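Q:
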Amino acid sequence: MVTKYNNMSILIKNGRVITATDDYIADIFIEGETISAIGKNLNIKADKEIDAAGKLVMPGGIDPHVHLDMPFMGTYSSDNYETGTRAALYGGTTMVIDFILQKQGNSLQAALDEWNGRATGNAVGDYSFHMAVTDFNEHTRKEIKHMIEEEGITSFKTFMAYKGALMIDDRQMIGLMEEVKKNGGLINVHATNGDMIDYLIQKHREEGKLSPLYHYLSQPEVTEAEASERFVDMANYTHCPGYIVHLTCEGALNAVRNATKRNQKIFVETCIQYLILDASLYEKDFEGAKWVMSPPLREKKDQETLWAGINQGLVNVVATDHCPFMWEQKLMGKDDFSKIPNGHPAIENRMELLFSEGVNKGKITLNKYVEVACTNPAKIFGMFPKKGTIAIGSDADIVIFDPNEKHSLSAATHHMNVDYSGYEGWELTGKVKTVLLRGQVAIDNNTCLLEKGYGKFIKRNKVSQVI
Ligand code: URP
Ligand code: ZN
Ligand code: ZN
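Okay, here's the thing in structure tokens:
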């Protein structure tokens, strides 16, 4: 397939190279898929030269939490592998990790086959899978080792909510943790208390409280704090490394603070929306459906906690939980908030939003930016240093970024397959200009130069070898 892509060498000249630890002006020489030299005034003849003077040169972003073409709440997320990974590239994200959902009663292998059917030959950017275990039993137990050692799928997602569809109980959680630990993997968790949420949803519906605001009121902070605490306690008991996805609030982060005192391997992801949007959006009547996601947006005080958590090293990753639905799909819940498909689009916006709202507003440093958006996802999920940094031998996944260019976000100009933007009209400073993926120019001049099928499945290492 890759034959139509030539093997041109590329020299990126005079850029300001930013990694999680470094900041220097240099040239980068790329041959084939990888970086082969980095230095000042490199005297090498390349097939193509890119002038990056005045620009930042950073590793390609890695978004380890996306849902592409996912069957969910009676419909499918509206970006597929082609549209989703292409939109990601436009926004400087060169690799995503998607979630395979095991069907209860079926094997993990059947789910993997289904997801391979969606992804193979369709991705434009690189990708991997987390395996969501929704039914842990003696058969599933036997599949864990194979997933880790043969398939390169080393992280296993669990849901403590979505009762009746995806949720597993604590008994299954403990069993899965023991098996995953034994084989060198990592457990991801959607940590909210499914029973409490179920109770509150039912109560609000019975009281005729059916607007999007009640989605928010059905998932108060305590539902997340309690489940996060329970998860870290179970992980402590089984010695299994854990990764809490889309953590949103102070109460949940405090549970992690306690875990770090016990020297546990617990990693935390938040998502861009929880850092910059808040629950006042649910007061906009049904328009609030644009931001119906689980967990819901929180309070301003939680945003402050999350920014501080990033700087304290407690929040390790900023992802998106990209799970887009067309407005018509959101209307499925017009008369009942519990039927609004949960999720919002952001795969294309994460890197620019985090730069503009985080770096540009002085909340995080440039190095921290690269750490949480590129390097930590690669380290935690077993891909470092192939992915997530700029170093000799690493994949040439590179973003050339203008830190001063101003632009605005809109559904009219984005590339995600969704007819609204959660950030319509937001004015940003800092724009992705050129993106390279494994040595090929992927985005230039606001055009995607790669076709579907270029994106490769990336087998990941055992987590125990990396963290
Ligand atoms: O609302 C969300 N988050 N939708 C996607 C599924 C999940 O819980 O991550
Ligand atoms: Zn979730
Ligand atoms: Zn998700």
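The numbers in numbering that gives the first Met the number 0 rise by one with no breaks, and the one at position 240 of the sequence shown is 239. Heads up, the beta-carbon is just placed ideally off N, CA and C, and yes, glycines get one too. All of these numbers come straight from a predicted model, not from anything done at the bench.
Taking the alpha carbon of residue 101 as the reference point, which residue from 85, 242, 126 and 136 has its own alpha carbon closest?
A: Minimum Cα distance to residue 101 is reached at 136.
Q: Grab the span of the alpha helix (DSSP H) containing residue 107 for me, first residue to last.
A: Unbroken alpha helix (DSSP H) run through residue 107: 107 to 118.
Q: Counting by C-beta, which residues lie closer than 7 Å to a heavy atom of ligand 2, in chain order?
A: The filter returns 158, 189, 244, 245, 293 and 320, in chain order.
Q: Is the separation between the beta-carbon of residue 84 and that of residue 126 shorter than 9 Å?
A: For residue 84 and residue 126, yes; Cβs fall inside 9 Å.
Q: Which same chain residues end up closer than 6 Å to residue 390 when comparing Cβ atoms and leaving out the 5 residues on each side of it in sequence?
A: Contacts found: 384.
Q: Could you spell out where the beta strand (DSSP E) holding residue 30 opens and where it closes?
A: Its beta strand (DSSP E) spans residues 22 to 30.
Q: Does the distance from the CB of residue 188 to the CB of residue 244 come in under 9 Å?
A: Contact: yes.
Q: Any heavy atom of ligand 1 closer than 8 Å to the Cβ of residue 322?
A: Answer for residue 322: yes, Cβ within range of ligand 1.
Q: For residue 125, which three-state DSSP category applies?
A: Strand at residue 125.
Q: Which of the three DSSP states, helix, strand or coil, is assigned to residue 4?
A: Three-state DSSP puts residue 4 in coil, outside helix and strand.
Q: By how many angstroms is the C-alpha of residue 317 removed from the C-alpha of residue 18?
A: Residue 18 and residue 317: Cα-Cα distance of roughly 16 Å.
Q: Would you kindly report the start and end of the unbroken alpha helix (DSSP H) that includes residue 230?
A: Counting along the chain, the alpha helix (DSSP H) containing residue 230 begins and ends at 220 to 237.
Q: Using alpha carbons as the reference points, say which of 74, 91 and 98 lies closest to residue 80.
A: Closest by alpha carbon: 98.
Q: If you draw a straight line from the alpha carbon of residue 257 to that of residue 296, how long is it in whole angstroms?
A: Roughly 24 Å separates the two Cα atoms.
Q: Any idea what DSSP makes of residue 270, helix, strand or coil?
A: In the structure shown, residue 270 sits in a strand (DSSP, three-state: E or B).
Q: For the alpha helix (DSSP H) containing residue 88, list its first residue and its last residue.
A: It spans 80 to 89 - the alpha helix (DSSP H) in which residue 88 sits, taken as one unbroken run.
Q: Rounded to a whole number of angstroms, what is the C-alpha to C-alpha distance between residue 447 and residue 437?
A: Their backbone Cα atoms lie some 14 Å apart in a straight line.
Q: Is residue 211 helix, strand or coil when you go by DSSP?
A: Here residue 211 sits in coil by DSSP.
Q: If residue 298 sits next to residue 278, beta carbons under 8 Å apart, how far is it from one beta carbon to the other, in whole angstroms?
A: Between residue 278 and residue 298 the Cβ distance is about 6 Å, and since that is below 8 Å, they are a contact.
Q: Could you tell me the distance, in whole angstroms, from the CA atom of residue 239 to the CA atom of residue 266?
A: Approximately 12 Å between the Cα atoms of the pair.
Q: Please classify residue 407: is it buried, with 16 or more other beta-carbons within 10 angstroms of its beta-carbon, or exposed?
A: Residue 407 should be labelled exposed.
Q: Are the segment 21 to 40 and the segment 412 to 428 touching by the rule of at least three beta carbon pairs closer than 8 Å?
A: At 8 Å Cβ cutoff, the stretches do not touch.
Q: Going by beta-carbon coordinates alone, are residue 20 and residue 434 separated by less than 9 Å?
A: Cβ distance not < 9 Å, so residue 20 and residue 434 don't count as in contact.
Q: Note down, in chain order, each residue of its chain lying with its Cβ closer than 7 Å to the Cβ of residue 319, except the 5 sequence neighbours on either side.
A: Closer than 7 Å at the Cβ level, and outside the excluded window around residue 319, lie 62, 64, 65, 270, 271, 345, 346 and 349.
Q: Name the two residues that bound the continuous alpha helix (DSSP H) containing residue 198.
A: 193 to 205 is the extent of the alpha helix (DSSP H) around residue 198.
Q: Going by DSSP in three states, residue 380 sits in which element: helix, strand or coil?
A: Note: residue 380 maps to coil in three-state DSSP.
Q: Measuring alpha carbon to alpha carbon, tell me which of 114, 404, 414 and 53 ends up nearest residue 323.
A: Of the candidates 114, 404, 414 and 53, the one whose C-alpha sits nearest the C-alpha of residue 323 is 414.
Q: If we call anything under 9 Å between Cβ atoms a contact, is residue 152 one with residue 242?
A: Contact flag unset, no.
Q: In this structure, does DSSP put residue 373 in helix, strand or coil?
A: Three-state result, residue 373: helix.
Q: Roughly how far, in whole angstroms, is the beta-carbon of residue 341 from the beta-carbon of residue 72, given that I think they are within contact range, below 8 Å?
A: About 6 Å; that satisfies the 8 Å criterion.
Q: Please report the Cβ distance between residue 234 and residue 159, rounded to the nearest whole angstrom; I am assuming they are in contact, meaning their Cβ atoms lie under 8 Å.
A: About 12 Å separates the two Cβ atoms, so there is no contact after all.
Q: First and last residue of the beta strand (DSSP E) that includes residue 15?
A: Looking at the DSSP string, the run of the beta strand (DSSP E) that includes residue 15 is 9 to 17.
Q: Going straight from the alpha carbon of residue 1 to that of residue 26, what length do you get?
A: With a pLDDT of 46 at residue 1, under the threshold of 50, the modelled position of this residue cannot be trusted; read the value that follows with caution. Whole-angstrom Cα-Cα distance: 26 Å.
Q: How should residue 396 be labelled, buried or exposed, when 16 other C-beta atoms within 10 angstroms of its C-beta is the threshold for buried?
A: Its Cβ being crowded by 16 or more others within 10 Å, residue 396 is buried.
Q: Does residue 301 pass the burial test, meaning 16 or more other C-beta atoms within 10 Å, or should it be called exposed?
A: Per the 10 Å Cβ criterion, buried.
Q: Rounding to the nearest angstrom, what Cα-Cα distance links residue 10 and residue 141 in this structure?
A: Distance between the alpha carbons of residue 10 and residue 141: 48 Å.
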